[in-house]
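Just so we're aligned, residue 3 is where the sequence shown starts under the numbering used here, counting upward by one.
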Amino acid sequence: MKILVIHGPNLNLLGKRNRQVYGDKTLEEVNRLLQEVAADLDIEVVTFQSNSEGALIDFIQEESPAADGIVINPGALTHYGLSLRDALADSNLPVVEVHLSNIYSREEFRQESVIAPIARGQVCGLGWRGYVVALRTLVAELKGSSP
Ligand code: DQA
């Protein structure tokens, strides 16, 4: 089983950027943790980050035919990235949306997600642990087992 874990714009700055909101872990540390979870689950996780919506879409188009599911933190594209949303929908894969922060307790513009309506579910406000919850739950659902 192969799961794509995708990080959108500015998430390359995790660990430096607004640490009170997004936490101390770097993207590298988060990805390393996800590889540990992948080893535990005996699955393959491919991680990708880009600051460009086009590069995210290219990655989804190229990788999704050989993948089983997607975990994505779309960054600010969450709130207006309709091309990204279309690419995710066109992948026909189950998508779990992740946010480190609780977007519903923040500025009004962050409280709408254009991704959520095409997602299997959303995990938000749980920091880096949200990625682990999303990955484990998605894999459990795909395997038809308990988490
Ligand atoms: C975010 C929330 C977005 O509003 C913001 O633009 C991000 C990160 C989060 O993980 O909480 O870049 O997706």
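Just so it is clear, CB atoms sit at the ideal spot from N, CA and C, and this is done for glycine as well.
Predicted model only: the values in this text are computed from it and were never measured.
What did DSSP end up calling Thr139 once you bin it into helix, strand or coil? In the three-state reduction of the DSSP assignment, Thr139 falls in the helix class.
Under a three-way DSSP split, which group does Thr49 fall into? The answer is strand: DSSP assigns Thr49 an E or B state.
For Gln124: DSSP bridge partner residues: In the DSSP output, where bridge partners are listed per residue, Gln124 has Glu99.
Closer than 7 Å by C-beta to Pro11: which residues in its own chain qualify, once you throw out the five before and the five after it? Chain order, please. Excluding positions up to five away in sequence, the list reads Asn53, Gly77, Ala78 and Leu79.
Step through the CB atoms of chain D and report whether any lies within less than 8 Å of the CB of Pro119. Within the model displayed, chain D is absent; a lone protein chain is all it includes.
Ordered along the chain, which non-local residues of its own chain (more than five positions away) have a Cβ less than 6 Å from that of Ser115? Around Ser115: Thr80.
So what does DSSP say about Ile59, is it helix, strand or coil? In the structure shown, Ile59 sits in a helix (DSSP, three-state: H, G or I).
Helix, strand or coil: how does DSSP classify Leu36 here? Residue state, collapsed to three classes: helix.
Terminal residues of the beta strand (DSSP E) in which Leu6 lies: Note, Leu6: beta strand (DSSP E), Lys4 to His9.
Quickly, what does DSSP pair Asn75 with across the bridge? List them, please. Beta-bridge partners assigned by DSSP to Asn75: His9.
Out of Val39, Thr28 and His101, point me to the one whose CA is closest to Cys126's CA. Ranked by how close their Cα comes to the Cα of Cys126, the residues Val39, Thr28 and His101 have His101 in first place.
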